[in-house]
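Undergrad: Residue 113 in numbering that gives the first Met the number 0 sits at position 114 of the sequence shown, and the numbers go up by one each step.
Using N, Cα and C, we set each Cβ at its ideal position, and we do this for glycine too.
Being a predicted model, the structure only gives us computed values, none of them experimental.
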Amino acid sequence: MNETSEQSRAPEPHVAGGPPRRVVEATAPVARALAGRRWVPLWALVRHQGRRSGTAYETPIAVVPTSDAAIVMIGLPWGAKTNWARNVVAADRASLRWKGRDVEVIHARIVDGAEAERLAKAPFRPVLKRFPAAIVLDRV
0 MNETSEQSRA
10 PEPHVAGGPP
20 RRVVEATAPV
30 ARALAGRRWV
40 PLWALVRHQG
50 RRSGTAYETP
60 IAVVPTSDAA
70 IVMIGLPWGA
80 KTNWARNVVA
90 ADRASLRWKG
100 RDVEVIHARI
110 VDGAEAERLA
120 KAPFRPVLKR
130 FPAAIVLDRV
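#1: Contact check, A119 vs A107 under 8 angstroms by CB: the rounded distance?
#2: Beta-carbon within less than 6 angstroms of V102's beta-carbon, same chain only, minus the 5 sequence neighbours each way: which residues are those?
#3: Helix, strand or coil, according to DSSP, for T65 in the structure here?
#4: In terms of residue numbering, what span does the alpha helix (DSSP H) encompassing G74 cover?
#5: Applying the criterion that 16 or more other CB atoms from any shown protein chain within 10 Å of the CB defines a buried residue, is P59 buried or exposed?
#6: Which ranges would you report for the alpha helix (DSSP H) in the region 96-124 if only whole runs of at least 4 residues count?
#7: Residues bridged to T81 by DSSP?
#8: How many angstroms separate the CA atom of E114 from the CA atom of R21?
#9: Report all residues from its chain with a CB closer than 7 angstroms to the CB of R36; omit the five preceding and five following residues, and keep chain order.
#10: So, for A90: in the same chain, excluding its five sequence neighbours on each side, which residues have a beta-carbon less than 8 angstroms away from its beta-carbon?
#11: State the DSSP-derived secondary structure class of T26, mapped to helix, strand or coil.
#12: Note down, in chain order, each residue of its chain lying with its Cβ closer than 6 angstroms to the Cβ of V135, except the 5 sequence neighbours on either side.
#13: In terms of DSSP beta bridges, what is L41 paired with?
#14: Residues bridged to A132 by DSSP?
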């Protein structure tokens, strides 16, 4: 293993607007274990590539149910500058492991909180009201 491997790197400092590092580290094993399972329909794994490094990543995310089955929406409680969101938008595509199946999505676009709230199913609108943005993708 070389010096620049993921395991040997020092943790990055908390970025303003992003999730607190300790929260991520504490919840990541549970989120990763549950995301993408068919019996946990709100959590998925988004598979994406680093926009500069080309490194493949899997990130647990929460899918927001919409009234249009042709689109997939992912809330961005920490804003549009989250690294995985920037990777997906730069690539204009991603793969999701969702409800026990692989789903290809394209045409990634950021929408503001008001648009996300409009697209979401009624029970999820109060939650999205608090989010600054969401990513909307079309199913292939």
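TA: Quick look at the numbers:
#1: About 17 angstroms separates the two Cβ atoms, so there is no contact after all.
#2: L95
#3: strand
#4: Unbroken run through G74 is the beta strand (DSSP E), 70-75; no alpha helix (DSSP H).
#5: buried
#6: 112-118
#7: Answer by DSSP bridge pairing: none, since T81 is not bridged.
#8: Taking the straight line joining both Cα atoms gives about 31 angstroms.
#9: G99
#10: Hits under 8 angstroms: H47, Q48, R50, A107.
#11: helix
#12: Taking C-beta separations shorter than 6 angstroms and ignoring five residues to either side along the sequence, the partners of V135 in its chain run I70, M72, R108, V110, following chain order.
#13: BP columns for L41 are empty, so no partner.
#14: L75, D111
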